[in-house]
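S.K.:
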Amino acid sequence: MARTDKPHSLDLALQGGGAHGAFTWGVLDGLLQEPRLAVGAVSGASAGAMNAAVLVSGLVCGGAEGARERLRSFWKELNRSGREAGPLIPMIEAFPETTRAMSSWWNTMFGDLGTAHGSPEMGRELQEILRKVIEEHVDFTAIASAGAPPLFISATNAQSGTARIFHKQDLTTEALLASACLPLYFPPVTIDGKDYWDGGYSANPPLVPLVLESANDDLLLITVNPQLRDQTPRNAAGIVDRITEIGFNQSMRKELQGLFLLQSSIGRTRAKDGLIAQVERLRFHEIHDEETLAAMPAQSKLLPVRHLLLTLRDAGEAAARRWCETSIERLGKESTVDLASRFGPG
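Numbering (my numbering), first residue to last: 77 to 422.
1) Could you check what DSSP says for Glu393 in three-state terms: helix, strand or coil?
2) Short of 8 Å in beta carbon distance, which residues of its chain neighbour Ser31, apart from the five on each side in sequence? Order them along the chain.
3) Mind reading off the beta-carbon distance from Leu385 to Asn155? Whole number of angstroms is fine, and I expect it under 8 Å.
4) Scan the region 274-322 and note each continuous alpha helix (DSSP H) run of 4 residues or more that stays entirely inside, going in chain order.
5) Please name the residue, chosen from Asp81, Gln91, Lys82 and Ser85, that lies closest to Glu34 on a Cα-to-Cα basis.
6) Would you give the residue range spanned by the alpha helix (DSSP H) that Gly106 belongs to?
7) Just curious, the alpha helix (DSSP H) that Leu369 is in, first and last residue?
8) Using CA atoms only, rank isn't needed, just tell me which of Gly223, Ala224, Asp246 and Thr217 is closest to Ala231.
9) Ala251: buried (16+ other C-beta within 10 angstroms of its C-beta) or exposed?
10) Nearest CA to the CA of Val413: which residue from Phe228, Gly138 and Leu297?
11) Let me know if Ile229 comes out buried or exposed under the rule of 16 or more other beta-carbons within 10 Å of its beta-carbon.
12) Starting from His362, trace the beta strand (DSSP E) both ways and give me its first and last residue.
13) In this structure, how does DSSP classify Gly258 when only helix, strand and coil are distinguished?
14) Less than 7 Å separating the beta-carbons of Gly93 and Val300?
15) Please go through the region 210-240 and give each complete beta strand (DSSP E) segment of 3 or more residues, from N-terminal end onward.
16) Rounded to the nearest angstrom, how far is the Cβ of Glu393 from that of Val103, given a contact under 8 Å?
17) Apart from the five residues on each side of it in sequence, which residues of its chain come closer than 8 Å, Cβ to Cβ, to Asn292?
18) To the nearest angstrom, how far is the alpha carbon of Gly199 from that of Tyr261?
19) Going by the CB atoms, is the gap between Val130 and His243 shorter than 7 Å?
20) Quick check: Asp294 and Arg398, are their CB atoms within less than 7 Å of each other?
21) Between Ile319, Ser195 and Thr100, which has its C-alpha nearest Arg148's C-alpha?
22) Can you look up Asp271 in the DSSP assignment and give me helix, strand or coil?
23) Asp87 by DSSP, collapsed to three states: which one?
24) Distance check for Ala114 and Phe186, CA to CA, integer angstroms please.
25) Here's the rule: buried if 16 or more other CB atoms are within 10 angstroms of the residue's CB, otherwise exposed. What is Thr80?
26) Can you tell which of Thr248, Val284, Pro285 and Ser278 has the C-alpha that lies nearest to the C-alpha of Ile267?
27) Going by beta carbon distance, what residues of the same chain come within less than 8 Å of Gly323, once the five residues before and after it are set aside?
28) Quick one: what's got a C-beta closer than 7 Å to Ser290's C-beta in the same chain, skipping five residues either side?
Given below as structure tokens:
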């Protein structure tokens, strides 16, 4: 008799981290090659938002292989556009062993990569380059279609500090630009008369909307920002980088802690529907590679250098394959990671 097992539907939450989002590209590429899995709802912030929108566009227009090809093309074009935008990336690519030295030289000559420009307006040209890459690779009509996976993208209201969650029906190029708008480097993105900054500050990635609006009980978190650092930074650039990293992790940590608290308080209520029942059934999973990502220079998040992107992509695919080998059979049954210990108070 033919095998009738259906792929297990899995929700994906994609953390942001600049060029380090190439790690998530690799993870997604690995998951898309696994016939036992199907993509459910997807959420993302910043680079995670880009990956999420490109992923869903590809799935709707060409299935798993279409999604793999569109992600590959997106990151390739991001690298090509970065090379044309200035001299630093071509120099690093010509001499990859000197990445740290090149970053130091650039800081000395043109200003610190870890601190603000004279004005974020100087980043408008790069923002327009990103706009073109988005428009070439994201099919918003496909994303908004009835059969497309639910999609949740965050941006941060610059005045209130609150998160705005864009659903697939109202997702636009402006929303994706807002989700990836680092305020030290780019001017705010104005939508409906309000200014927005990077979604990583308020929901990185959005988790509660994913739980509320998806029928799936398995949630896979793909993280790119290291939780722990061996040393405390002592210079201005390192301090700014770590503060940003902590902020981007903290928004995710708070959402997770809220879900953990609710799960632990449910007890024997056994609600059949609503938020309580959804949270009670929720099973957590995570793919990360702290060792590889922690070893990357902090400045590399701003530099889509080819060898860096490919190294991270390969690391992500390898991490996805390891996770599949150990965790797929446990989907639908139990969590495969203790996120309460990893992201809880302490």
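Ideal Cβ placement from N, Cα and C applies to all residues, glycine included.
Because the structure is a prediction, the values reported are computed rather than measured.
M.R.: Answer, in terms of the structure:
1) helix
2) Residue 31 lies beyond the range of the chain shown here (77 to 422); nothing can be said about it.
3) 6 Å
4) 284-289
5) The question about residue 34 has no answer, for the chain in this structure spans 77 to 422.
6) Ala98 to Leu108
7) Glu366 to Ala370
8) Asp246
9) buried
10) Leu297
11) buried
12) Here residue 362 turns out to be Glu, not His, going by the sequence shown. Element bounds for Glu362: Arg359 to Ile363.
13) At residue 258 the sequence reads Leu, which differs from the Gly that was named. Leu258: coil per DSSP, three-state reduction.
14) yes
15) 227-233
16) 7 Å
17) Ser85, Leu86, Asp87, Gly116 and Ala117
18) 5 Å
19) no
20) no
21) Thr100
22) strand
23) strand
24) Reliability fails at Phe186, whose pLDDT of 41 lies under 50, so the model's placement of it is uncertain and the value that follows must be treated cautiously. In a straight line, the C-alpha of Phe186 is about 46 Å away from that of Ala114.
25) The pLDDT assigned to Thr80 is 49, lower than 50, so where the model puts this residue is not dependable, and the model offers no usable value.
26) Thr248
27) Gly276 and Tyr277
28) Asp87, Gly116, Ala117 and Pro226
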